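Enquirer: Below are the structure tokens for one structure; questions will follow.
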Amino acid sequence: MTTLINAGMADPGTEWRVWSDGASLGNPGPAGWAVLARRPDGTGFEQCGSADHRTNNQAEMFALLQAIKAVPKDQPGIIYSDSKYAIGAATTWRPGWVKSGMKTSKRKPVEHQDLVKRLWEVLDERPQVRLEWVKGHAGDEGNERVDTLANEAAEAVKAGGKPRTKVTRELAA
Numbered sequence: 004m005t006t007l008i009n010a011g012m013a014d015p016g017t018e019w020r021v022w023s024d025g026a027s028l029g030n031p032g033p034a035g036w037a038v039l040a041r042r043p044d045g046t047g048f049e050q051c052g053s054a055d056h057r058t059n060n061q062a063e064m065f066a067l068l069q070a071i072k073a074v075p076k077d078q079p080g081i082i083y084s085d086s087k088y089a090i091g092a093a094t095t096w097r098p099g100w101v102k103s104g105m106k107t108s109k110r111k112p113v114e115h116q117d118l119v120k121r122l123w124e125v126l127d128e129r130p131q132v133r134l135e136w137v138k139g140h141a142g143d144e145g146n147e148r149v150d151t152l153a154n155e156a157a158e159a160v161k162a163g164g165k166p167r168t169k170v171t172r173e174l175a176a
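In structure tokens form, the structure reads like this:
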């Protein structure tokens with residue numbers, strides 16, 4: 004279940020804090036994703052990447068997948084996302100989708116099943132990770148940063164650049 008929390012309330016000394024965001028310029032269109040991860044000691048890293056033809060939901064789910072994978076399997080963490088769709092696909096809707104054979108409430112096939120199943124897999128491997136929704140464009144510094152990075156990655160593809168798999172930059176405490 005997802006809940007609205009103040010991302011600043013997390014205790015940085017005990018768990019990973021990771022923000023994710025995806026962006027698509029057109030739906031589908033050039034897309035970008037980004038992750039900002041803070042380790043319990045305060046150090047961290049940023050990652051971003053891009054693709055040439057994805058929907059916004061694909062970009063959001065891929066960003067969430069990368070954010071979850073950023074947390075080591077044996078450590079606790081909170082993943083913050085402003086995508087209710089990506090969080091719902093990873094958590095809330097799972098029991099119904101499994102029971103229905105991957106059909107939505109309208110009896111249509113779940114879109115992007117490969118990404119959805121991969122989200123479930125990495126979450127199952129990380130029982131101490133929880134997902135939290137954070138309101139986008141509301142002043143949360145982590146969310147604002149990943150929004151900027153994801154949009155920059157998408158804009159680079161739109162401007163003629165090649166899609167990038169992953170770019171990482173280490174951050175000091």
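Just so we're aligned, residue 4 is where the sequence shown starts under this note's numbering, counting upward by one. By construction, the Cβ of each residue, glycine as well, lies at the ideal position given by its N, Cα and C atoms. Remember, it's a predicted structure, so these values are computed and weren't measured experimentally.
#1: Identify, in the order they occur along the chain, each residue of the same chain with its Cβ nearer than 6 Å to the Cβ of Leu39, setting aside the five sequence neighbours on each side.
#2: Our contact map puts Ile82 next to Ala92 with C-beta atoms below 8 Å; I'd like the distance itself, whole angstroms only.
#3: Let me make sure I understand the geometry here. Which of Gly80, Gly99 and Ala26 has the alpha-carbon closest to that of Gly45?
#4: Identify whether Thr151 lies in helix, strand or coil by the three-state DSSP scheme.
#5: May I ask which residues mark the beginning and end of the beta strand (DSSP E) holding Asp55?
#6: Would you kindly check if the distance between the Cβ of Ala73 and the Cβ of Ala54 is under 7 Å?
#7: Which same chain residues, not among the five before or five after Ala89, have their C-beta less than 6 Å away from its C-beta?
#8: With distances taken from CA atoms, which of Leu28, Pro75, Pro31 and Gly25 is nearest Ala131?
Expert: Here's the rundown:
#1: Walking along the sequence shown from the start, residue 39 turns up at place 36. Cβ-Cβ distances below 6 Å link Leu39 to Trp22, Glu49, Gly145, Arg148 and Val149 in the same chain, with the five nearest sequence neighbours on each side left out; the list follows chain order.
#2: For the purposes of this step, residue 82 is identified with residue 79 of the sequence shown, where counting begins at 1. For the purposes of this step, residue 92 is identified with residue 89 of the sequence shown, where counting begins at 1. Not quite, the Cβ-Cβ distance comes to about 13 Å (not below 8 Å), so this is no contact.
#3: Counting from one through the sequence shown, the residue named residue 45 turns up at place 42. Gly45 has its Cα closest to that of Gly80, out of Gly80, Gly99 and Ala26.
#4: Start at 1 with the first residue of the sequence shown, and residue 151 comes out as number 148. Looking at Thr151 - three-state DSSP - the assignment turns out to be helix.
#5: What you label residue 55 is simply residue 52 of the sequence shown in a count that begins at 1. Residues Gly47 to Arg57.
#6: The count along the sequence shown starts at 1 and reaches residue 54 at position 51. The count along the sequence shown starts at 1 and reaches residue 73 at position 70. No, these two residues do not count as a Cβ contact at 7 Å.
#7: As a working note, residue 89 is residue 86 in the sequence shown. If we look at Ala89 and ignore the five residues flanking it on each side, its Cβ neighbours are Glu63, Met64 and Leu67.
#8: As a position in the sequence shown, residue 131 is number 128, starting the count at 1. This sequence places Gln at residue 131; Ala is not what is there. Of the listed residues, the one whose Cα sits closest to Gln131 is Pro75.
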